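See below for the structure under consideration.
2 protein chains.
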Amino acid sequence: MSVTLDDQQLDALFTALSDRTRRDIVTRLTTGQATVKELAEPYAMSMQAVSQHIRVLERAGLISQGRHRQSRPCRLEPAALEAALSWIEQSRQAWADRLDRLETHLAHLQEG
Amino acid sequence: MSVTLDDQQLDALFTALSDRTRRDIVTRLTTGQATVKELAEPYAMSMQAVSQHIRVLERAGLISQGRHRQSRPCRLEPAALEAALSWIEQSRQAWADRLDRLETHLAHLQEG
DNA sequence: CCCTTATTCAAGTTGACGCTTTATAAAGCT
DNA sequence: AGCTTTATAAAGCGTCAACTTGAATAAGGG
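Read top to bottom, the protein sequences are chains F and B. Quick note on my numbering: the first sequence kicks off at 1 and runs consecutively. Quick note on my numbering: the second sequence kicks off at 1001 and runs consecutively.
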């Protein structure tokens, strides 16, 4: 079940999520496919710039692009989101486990 | 319950997680406090470099530093991890919701 | 075949990032 | 007081990231 990625993939993943425009695009794509042109419309920047953001998201595995007539519709690939989730969850779990052990340890001290 | 951050905070958070050394440091800190010197030991880079990484993690709210004698022990602040989790969860949820709606829609078409 | 539409490629600028080295600060040791 | 340990500050360097503009590609429409 656990989606394990290597360091480079995690680099790409968190780098992709570290930009507001790219997070916006991910959010937009949770509601379905969209072309580059459609994705670019809300922004002041050029379509080329958005195309570059799309490339970053693609490298991270967060989205993929198809072909339909002249357009290249983008769609979300939620597996990468799961992977990011998985990494963070692991850290959170390790932290929680440590607190549990600490508590147990302290309880033992109290008893003894 | 949901930890909501603004765009700048999310930028800082995901930027902090986008570097292998910093993710290592986070992982290390799930097992308890550590000084800058201790954190720097496993790496080939200078302690100054690690100190800079720590600053990035601190800006993102992922860790905080105390004072004890000459050292400044770092500890994890898991709330920021929760916030990152929260953002990703939201996207995943939106995606899942959309798929549910699609399925429902298709089922209706089949029936009708 | 031109013309438009959708998109990418390529090159250049600006600014941020990851690191180094040198210097400085603050606390403890002798 | 001087020396050591732990850490940050500041300046500099090379690389990468986020844009821009201009040119190229690919598919369709008149």
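Here a beta-carbon is modelled for each residue, glycine too, at the ideal position from N, C-alpha and C. Just so you know, these numbers come straight off a predicted model, no measurement behind them.
Practice item. Anything in chain B within Cβ reach of residue 20 of chain F, meaning under 7 Å, just list it in chain order. Key: As a working mapping, residue 20 of chain F is identified with position 20 in the first sequence. Residues of chain B passing the Cβ test: 1007 and 1011.
Review point. Apart from the five residues on each side of it in sequence, which residues of its chain come closer than 7 Å, Cβ to Cβ, to residue 22 of chain F?
Key: Position 22 of the first sequence, counting from 1, holds the residue named residue 22 of chain F. So the qualifying residues of the chain are 16, 53, 56 and 57.
Review point. If you check the beta carbons only, do residue 72 of chain F and residue 35 of chain F fall under 9 Å apart?
Key: Translated into the one-based positions of the first sequence, residue 72 of chain F becomes position 72. Translated into the one-based positions of the first sequence, residue 35 of chain F becomes position 35. For residue 72 of chain F and residue 35 of chain F, yes; Cβs fall inside 9 Å.
Check your understanding: Count the other CB atoms within 10 Å of the CB of residue 1029 of chain B; is the residue buried (16 or more) or exposed (fewer)?
Key -> Numbered from 1 along the second sequence, position 29 holds the residue referred to as residue 1029 of chain B. Taking every protein chain shown into account, the CB of residue 1029 of chain B has 16 or more other CB atoms within 10 angstroms, so this residue is buried.
Exercise for review: Measuring only between beta-carbons, confirm whether residue 1066 of chain B sits less than 9 Å from chain F.
Suggested key: In the second sequence, the residue the question calls residue 1066 of chain B occupies position 66. No, residue 1066 of chain B lies away from the interface with chain F (no Cβ there is under 9 Å from its Cβ).
Exercise for review: Counting only the same chain and skipping the five closest in sequence on each side, list residues whose C-beta sits under 6 Å from that of residue 1065 of chain B.
Suggested key: Stepping through the second sequence from its first residue, residue 1065 of chain B is reached at position 65. Shown here for residue 1065 of chain B: same chain residues with a beta carbon closer than 6 Å to its own, the five before and five after excluded, namely 1072 and 1074 in chain order.
Review point. Got a sec, what are the start and stop residues for the beta strand (DSSP E) residue 1065 of chain B sits in?
Key: Taking the second sequence and counting its residues from 1, the one referred to as residue 1065 of chain B is at position 65. Taken as a continuous stretch (DSSP letters only), the beta strand (DSSP E) holding residue 1065 of chain B covers 1063-1065.
Check your understanding: Around the Cβ of residue 1046 of chain B, are there at least 16 other Cβ atoms within 10 angstroms (buried) or fewer (exposed)?
Key -> Working through the second sequence from its first residue, we reach residue 1046 of chain B at position 46. Counting the other CB atoms within 10 Å of its CB gives residue 1046 of chain B a total below 16, which places it among the exposed residues.
Exercise for review: Starting from residue 1091 of chain B, find everything on chain F with Cβ-Cβ shorter than 7 Å and list it in chain order.
Suggested key: If you number the second sequence from 1, residue 1091 of chain B lands on position 91. 26, 27, 30 and 81, listed in chain order.
Check your understanding: Any idea what DSSP makes of residue 1076 of chain B, helix, strand or coil?
Key -> Within the second sequence, residue 1076 of chain B is the residue found at index 76, counting from 1. The DSSP-derived three-state label of residue 1076 of chain B is strand.
Exercise for review: Taking residue 58 of chain F as part of the alpha helix (DSSP H), name the residues at either end of that continuous run.
Suggested key: As a position in the first sequence, residue 58 of chain F is number 58, starting the count at 1. Note, residue 58 of chain F: alpha helix (DSSP H), 47-59.
Exercise for review: Could you tell me whether any Cβ in chain B is nearer than 9 Å to the Cβ of residue 98 of chain F?
Suggested key: Working through the first sequence from its first residue, we reach residue 98 of chain F at position 98. Chain B contact via Cβ: present.
**Study point:** Cut-off 8 Å between Cβ atoms - residues of its own chain near residue 1050 of chain B, not counting five sequence neighbours on either side
**Key:** Taking the second sequence and counting its residues from 1, the one referred to as residue 1050 of chain B is at position 50. For residue 1050 of chain B, the CB contacts under 8 Å within the same chain, skipping 5 residues up- and downstream, are 1021, 1025, 1036, 1039, 1040 and 1043 in chain order.
**Study point:** Supposed close pair residue 1083 of chain B, residue 1005 of chain B - CB separation, criterion 8 Å
**Key:** Taking the second sequence and counting its residues from 1, one reaches residue 1083 of chain B at position 83. Taking the second sequence and counting its residues from 1, one reaches residue 1005 of chain B at position 5. Residue 1083 of chain B to residue 1005 of chain B, Cβ: 5 Å. Contact.
Check your understanding: residue 1092 of chain B and residue 81 of chain F look like a contact to me (Cβ under 8 Å); what is the Cβ gap, rounded to whole Å?
Key -> The residue labelled residue 1092 of chain B in the question sits at position 92 within the second sequence. The residue labelled residue 81 of chain F in the question sits at position 81 within the first sequence. At roughly 5 Å, the Cβ-Cβ gap stays under 8 Å, so residue 1092 of chain B and residue 81 of chain F are in contact.
Check your understanding: Quick one: is residue 72 of chain F near chain B, going by C-beta distance under 9 Å?
Key -> Here residue 72 of chain F corresponds to residue number 72 of the first sequence, with the count starting at 1. Closer than 9 Å: no.
Practice item. Output the boundary residues of the alpha helix (DSSP H) element that contains residue 22 of chain F. Key: Here the question's residue 22 of chain F lines up with position 22 in the first sequence. For residue 22 of chain F, the uninterrupted alpha helix (DSSP H) run begins and ends at 20-29, by DSSP.
Exercise for review: Please confirm if residue 59 of chain F has its CB atom under 9 Å from at least one CB of chain B.
Suggested key: Residue numbering aside, residue 59 of chain F sits at position 59 when the first sequence is read from its first letter. Chain B places no beta carbon closer than 9 Å to that of residue 59 of chain F, leaving this residue out of the contacts.
Point to revise | Coarse secondary structure for residue 1040 of chain B, derived from DSSP in three states | key: Taking the first residue of the second sequence as position 1, residue 1040 of chain B is located at position 40. Look at residue 1040 of chain B here: in three-state DSSP terms it is helix.
Check your understanding: At least one CB of chain B closer than 9 Å to the CB of residue 42 of chain F: is that the case?
Key -> Along the first sequence, read from residue 1 onward, the residue named residue 42 of chain F stands at position 42. Residue contact check for residue 42 of chain F against chain B: no CB pair falls below 9 Å.
Exercise for review: Starting from the beta carbon of residue 1023 of chain B, find every residue of chain F whose beta carbon is closer than 7 Å, and list them in chain order.
Suggested key: The residue you call residue 1023 of chain B lines up with position 23 of the second sequence. Within chain F, the C-beta atoms nearer than 7 Å to that of residue 1023 of chain B come from 10, in chain order.
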